[in-house]
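Mapped onto my numbering, the consecutive letters of the sequence shown carry residue numbers 20 to 307.
So the structure is just underneath, and the comments pick up after that.
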Amino acid sequence: MRLGSVLLIAGCLVMLSAQERKTDPTWLRRHLPDIHPRPSEFTTESCRYKPVFGAGDAQARICRSVSRFGELTVEAGGSSAPVSFAREEHAWVLLEGAGTLHYGALDQPVRKHDFFYIPPGVRHWFTSHTGGSCRAIVMGFRVPAELQPPPLEKLLIANMDEVPKQVVGGHPPSTLYQLLMGDRQSRRDRLAAGITLTSLFTMEFAPGGTNIPHHHEREEEIYLLLEGRGEMVAGGGLDGIEGRHAARAGDAYFFRLNCTVGFYAGNREGEPKSRILAVRSRFPFPQP
């Protein structure tokens with residue numbers, strides 16, 4: 020074979036290889052009602068899990084600090100499977116129903132809008148009361164092996180309805196925050212719990228309100244639109260400033276670090292306010 024033919028073939032192979040390589044997206048979008056339950060560590064005959072991001076999702080590898088984010092539904096009188104995760108910490112937010120959290124040897128009653136923290140290695144499962152099903156958002160975060168904080172003395176649990184709504188510095192008064200959970204050094208959040216998790220909070224938007232698009236250099240973030248509608252800001256738009264995407268209740272967004280993130284509320288006067296459940300977690304940068 021002539022040298023020219025060899026070079027031509029080699030060039031074509033390089034071009035094909037380049038076409039096959041795809042740049043990882045800077046953000047992901049899902050619509051929770053459209054996601055089908057899939058088998059998981061939590062699954063039983065009476066418990067189903069919808070993977071939104073992380074474990075069970077087709078693009079799980081995009082998430083680095085987030086190990087899982089999904090919706091857990093337990094039928095009336097049913098239970099999730101007992102689980103423990105050696106290198107994961109979890110945060111739960113109970114959106115509907117009431118039941119019992121089995122946390123190690125503790126049986127803790129829980130109710131709608133309770134949120135709680137599960138540290139690595141603690142065996143736990145959830146049982147729903149017979150009066151109705153329960154629905155919770157389950158969030159898991161990878162804990163690097165070199166981080167071994169002292170064990171917690173007790174279960175950390177609180178209720179969202181008891182957390183005050185407040186304006187946070189650097190954001191306009193059109194958005195009220197509930198600071199639910201921070202890292203273990205936090206002094207402003209209701210619970211100081213996280214290792215990789217840095218902030219779990221809600222945002223309530225007045226009509227036309229915004230949290231001003233911004234980005235985080237060291238954290239991944241997830242937004243779940245619980246109520247309302249508007250425009251989600253994710254990454255850059257064609258104008259090079261911000262990309263806006265129509266958003267409705269049930270939409271969930273995952274943002275990689277340095278991705279532009281924000282929200283513009285579309286609700287009008289007299290309509291229910293838009294509400295977002297958000298969580299940030301520390302990106303696993305290589306240790307020196």
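Don't be surprised by glycine CBs; every beta carbon is placed ideally from N, CA and C.
These numbers come from a predicted model, not from an experiment.
Between the segment 262-277 and the segment 223-231 there are fewer than three inter-stretch CB-CB distances shorter than 8 Å, so the stretches are not counted as touching.
Sequence-distant partners of His148 (beyond 5 residues in either direction) whose C-beta falls short of 6 Å from its own C-beta, in its chain, are Ala117 and Gly118. Within the model, the alpha-carbon separation for Gly254 versus Glu238 is close to 15 Å. A Cβ-Cβ distance of about 6 Å is found for the pair Leu175 and Phe135, placing them in contact under the 8 Å criterion. Setting aside the 5 residues that flank it on each side, His132 is surrounded in the same chain by Asn178, Met179 and Asp180, each with a C-beta closer than 6 Å to its C-beta; the list follows chain order. Of all C-beta pairs linking the segment 278-286 to the segment 219-227, three or more are shorter than 8 Å, placing the two stretches in contact. In this structure, the CA atom of Ile156 is about 14 Å from the CA atom of Val129.
Here Pro52 carries a helix assignment [DSSP, helix/strand/coil]. Scanning its chain for C-beta atoms nearer than 8 Å, with the 5 sequence neighbours on each side dropped, one finds around Pro291 the residues Glu246 and Gly247, in chain order.
Arg142 and Phe104 have their alpha carbons spaced roughly 8 Å apart. In the assembly as shown, Thr42 is an exposed residue. Its beta-carbon has fewer than 16 other beta-carbons within 10 Å. Around the beta carbon of Pro169, a 10 Å sphere encloses fewer than 16 other beta carbons of the protein chains shown; the residue is thus reported as exposed. Looking at Val182, Glu115 and Ala124, the one whose alpha-carbon comes closest to that of Ser152 is Glu115.
Using a Cβ distance threshold of 7 Å, Arg299 and Thr215 do not count as a contacting pair. In the three-state reduction of the DSSP assignment, Glu290 falls in the coil class.
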